[in-house]
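Step one of this worksheet: look at the structure below.
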Amino acid sequence: GALSYAMPLPFNPLSMLGEHLALGVTAKYVNGGAIVRAQDNGSLVTPNNIDVRFPAITSSEFANNGSGVGMDLGVMWTGAAGRAAATIRNVFNTFAWDASKLQYRPGTVTFDGTTSSSNFDSTAYSAAPAGMRSALEAEKFKPEIALGYARQVSSFLVSADASQRIGDGIDIGPKTHVGVGAEYLGVPHLPLRAGVAAINGGAQIAGGLGLRFGPYEFGAGVTLRTRDSGSETGAMISLVSIR
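What follows is the structure, encoded as structure tokens:
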């Protein structure tokens, strides 16, 4: 959940030239519904023996398994040459998983050709390997710097943007992103959009459209992303936007 507020800067030295500066701030609350972290811990399968070791840390229920608050800051310039903005996301973010809501499952299966055993029973989070606990507790929202520029060119609104996350943490998108895009406004009430971007380990392409009535718009878009680990697809629907 988030709440944003923006205001023009009253001390803007460029206001006499018809250019404007504005400052924005977003306060947000983050809640973790569930978590699963698992890893292979030296499993070995041979023709005469099965020894599977796949421990996992999971949340005990789908509920409030972690929470925190954070803040984003941004500044925007508007002038005859277009618009430019800079943002620092997660200037601070206190989100952390709640260890009291977590449990550990050893995840072992053994078979020596005669007897077998398994253990997937839940036990205390403190029984999990120290490395797994440390990795989970290091999952934080790290600061991210983003820059963007847009300009109207005839019937097109063209844009460029770049972002960089500082450090490793909770991954909700590419760590590095550099992209360009365009919105075609030549069809009344039906803006068409497309963009491409280079990201760490791959690239992405996106397209979308809107249905605009005065200051209100309904929109939809799709994204195809390829990275070293495979491909990803995404979709977004904006029920109401107010311009």
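All you need for my numbering is the position in the sequence shown, starting with 1, plus 1080.
Note that beta-carbon positions come from the ideal geometry of N, C-alpha and C, so glycine has one too.
Neighbourhood of residue i by C-beta distance below 6 Å, restricted to the same chain and skipping five residues each side
| i | result |
| --- | --- |
| alanine 1278 | Val1258 |
| threonine 1174 | Gly1148, Val1149 |
| isoleucine 1317 | Ala1300 |
| serine 1202 | Gln1183, Arg1185 |
| lysine 1108 | Ala1082, Gly1150 |
| arginine 1273 | Glu1263, Gly1288 |
| glycine 1290 | Pro1271, Glu1297, Gly1299 |
| lysine 1220 | Gly1249 |
| valine 1171 | Met1151, Leu1153 |
Residue range of the unbroken beta strand (DSSP E) whose run includes residue i
| i | result |
| --- | --- |
| serine 1311 | 1310-1322 |
| glycine 1211 | Unbroken run through glycine 1211 is the alpha helix (DSSP H), 1210-1217; no beta strand (DSSP E). |
| proline 1088 | 1082-1088 |
| aspartate 1131 | 1129-1133 |
| histidine 1257 | 1256-1264 |
| tyrosine 1296 | 1296-1307 |
| asparagine 1144 | Premise fails: asparagine 1144 is in no beta strand (DSSP E) and is neither H nor E. |
| glycine 1275 | 1272-1279 |
| alanine 1165 | 1162-1173 |
| valine 1267 | It is not in any beta strand (DSSP E) - valine 1267 carries neither H nor E in the DSSP assignment. |
| glycine 1290 | 1282-1293 |
Option in the options with minimal Cα separation from residue i
| i | options | result |
| --- | --- | --- |
| serine 1309 | Gly1288, Ile1317, Asn1280 | Asn1280 |
| arginine 1163 | Thr1194, Thr1190, Trp1177, Leu1227 | Leu1227 |
| glutamate 1099 | Ile1137, Asn1129, Trp1157, Ala1107 | Trp1157 |
| alanine 1176 | Glu1217, Glu1141, Thr1167 | Glu1217 |
| tyrosine 1085 | Gly1112, Asp1152, Val1132 | Asp1152 |
| phenylalanine 1191 | Gly1249, Gln1119, Ser1123, Ala1143 | Ser1123 |
| phenylalanine 1200 | Glu1219, Ile1322, Ala1118 | Ala1118 |
| alanine 1143 | Lys1255, Ser1234, Val1189, Ala1114 | Ala1114 |
| serine 1235 | Pro1223, Gly1266, Tyr1296 | Gly1266 |
| threonine 1138 | Asn1129, Ile1250, Lys1222, Ala1204 | Ala1204 |
| aspartate 1178 | Arg1323, Gly1112, Gly1282 | Gly1112 |
| alanine 1166 | Ile1285, Ala1208, Gly1253, Val1105 | Val1105 |
| lysine 1181 | Asn1145, Gly1187, Arg1169 | Asn1145 |
| isoleucine 1225 | Ser1243, Asn1128, Ala1102, Glu1312 | Ser1243 |
8 Å CB neighbourhood of residue i in its chain, flanking five on each side removed
| i | result |
| --- | --- |
| phenylalanine 1293 | His1269 |
| alanine 1315 | Ala1300, Gly1301, Val1302, Thr1303 |
| methionine 1212 | Arg1117, Gln1119, Pro1135, Ile1137 |
| proline 1209 | Asn1121, Pro1135 |
For residue i: DSSP bridge partner residues
| i | result |
| --- | --- |
| isoleucine 1137 | Arg1117, Tyr1184 |
| aspartate 1024 | Residue 1024 is absent from the structure shown; the chain starts at 1081 and stops at 1323. |
| valine 1189 | Val1132, Ser1198 |
| glycine 1159 | Gly1162 |
| alanine 1176 | Ser1147 |
| alanine 1204 | Gln1183 |
C-beta neighbour in chain E for residue i, strict 7 Å
| i | result |
| --- | --- |
| isoleucine 1279 | In the structure shown, chain E cannot be found, because there is only a single protein chain. |
Nonlocal neighbours in the same chain, by C-beta distance under 7 Å from residue i, ignoring five residues either side
| i | result |
| --- | --- |
| glycine 1247 | Lys1222 |
| serine 1198 | Thr1188, Val1189 |
Length at least 3, wholly inside the segment 1221-1253: the beta strand (DSSP E) runs in chain order | Listed in chain order, the complete beta strand (DSSP E) runs (minimum 3 residues) inside the segment 1221-1253 are 1224-1233, 1236-1245.
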